[in-house]
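*Asks:* Residues in the sequence shown are numbered consecutively from 89, following this note's numbering.
Below you will find the structure I want to go over with you.
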Amino acid sequence: VTSYSCLSYFREHVRTHSGEKPYECKQCGKTFNCSLSLREHVRTHSEERPYECQQCGKAFRHPRYFQRHVRMHSGVKPYECKECGKAYSSSTSLQEHVRTHTGERPFECQQCGKAFTRHSSLQGHVRAHSLEKRYECVQCGKAFRWSSSLQKHVRTGVKPYECKECGKAFWYPVNLRAHVRTHTGERPYECQQCGKAYRCPANLRVHVRTHTGERPYECQQCGKAFRYPANLRAHVRTHTGERPYECQQCGKAFRYPTNLRAHVRTHTGEKP
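Shown next as structure tokens:
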């Protein structure tokens, strides 16, 4: 059995040289050189995210992204920069950081020549050129420029975790548990520094940063750090050009939900 397993890995490796991609997605026709890559790809059609974080409820399609996320909670950062000693939870983050020392920008836009330190930044930039809507809902066929917009659209469906007390429903069990505490009044997560208590561990972690000054969410492109992940995500869009908040009436897109809400009022005539 071990011998067969090793042989299959060897064959998959050989395909990286030969270019052979025998595993084809029946939904879109895209091909892959190994069965694992095909299985992971199929989840982009189904939105299946089988790897769920027990701490915060966030779910992932790929085990490697899940493992990287878990390390963010644990604080383990095994990848250290030899230049400055800064440590990271993933090898990809370290590679991106190293480019801030070398100045290397290996990902170049073929249309305008602008170069980026990260492939994801280039992808966002290229879509801003083409305005390509490549993320399609398998349920209704509607297409979006950004994966985040598609995810929001998909979630217009049923929320599976419902509160027995008031009927409010949630996407993740961890959110339901935190909500139930609004009924019970339970606040089990207490700050060791000032005694303030919270219903969920995420809120406690955010609060603790007001004491420590910690800003753990760092932009890999420019190094600017933030206390909250939402602030980092909004900042990253200034690099990528991503505008995930799209007006359903005219298609105009925005970086921030506040800007979209203000724009929608130009259609409705509503005053803030």
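All residues carry an ideal CB built from backbone N, CA and C; glycine is no exception.
Bear in mind the structure is a predicted one, so any value in this text is a computation, not a measurement.
(1) Which of helix, strand or coil does DSSP assign to S91?
(2) Quick one: what does DSSP say E136 is sitting in, helix, strand or coil?
(3) Touching or not, the region 323 to 332 and the region 201 to 215, by the rule of three or more beta carbon pairs under 8 Å?
(4) Give the secondary structure of T205 by DSSP, where H, G and I count as helix, E and B as strand, and everything else as coil.
(5) Out of curiosity, what's the CA-to-CA distance linking P304 and S177?
(6) Quick one: give me the first and last residue of the alpha helix (DSSP H) that P248 is part of.
(7) When you compare the CB positions of E334 and S181, do they come within less than 7 Å of one another, or not?
(8) Express the C-alpha separation of C310 and E168 in angstroms, rounding to a whole number.
(9) In angstroms with no decimal places, state the Cα-to-Cα distance between K230 and K170.
(10) Would you say C141 and H157 are within 7 Å of each other, going by their C-beta atoms?
(11) Tell me whether the beta-carbon of H241 lies closer than 7 Å to the beta-carbon of C225.
(12) Closer than 6 Å by C-beta to C338: which residues in its own chain qualify, once you throw out the five before and the five after it? Chain order, please.
(13) Distance check for N319 and K359, CA to CA, integer angstroms please.
(14) Expressed to the nearest angstrom, what Euclidean distance is found between the alpha-carbon atoms of R349 and R343?
(15) Taking the straight line between their C-alpha atoms, what separation do you get for V294 and F314?
(16) Just verifying my parser: in three-state terms, what is the DSSP assignment at E278?
(17) With respect to the alpha helix (DSSP H) encompassing E192, which residues constitute its N-terminal and C-terminal limits?
(18) Exposed or buried, E184, counting other C-beta atoms within 10 Å across all chains shown (16 or more means buried)?
(19) With DSSP as the reference, label E196 as helix, strand or coil.
*Replies:* Result, derived from the coordinates:
(1) Low local confidence applies: a pLDDT of 42 at S91 is under 50, so the model's placement there is unreliable, with the coordinate-based value given in what follows. Here S91 sits in helix by DSSP.
(2) Of the three classes helix, strand and coil, the one that applies to E136 here is coil, per DSSP.
(3) Yes, since at least three Cβ pairs between the region 323 to 332 and the region 201 to 215 fall closer than 8 Å, the two stretches touch.
(4) coil
(5) 12 Å
(6) Here P248 belongs to no alpha helix (DSSP H), and DSSP marks it neither H nor E.
(7) no
(8) 18 Å
(9) 47 Å
(10) yes
(11) yes
(12) none
(13) Rounded to the nearest angstrom, the gap between the Cα atoms of K359 and N319 is 27 Å.
(14) Going from the Cα of R349 to the Cα of R343 covers about 11 Å.
(15) 11 Å
(16) strand
(17) Run containing E192: none; DSSP gives neither H nor E here.
(18) buried
(19) strand
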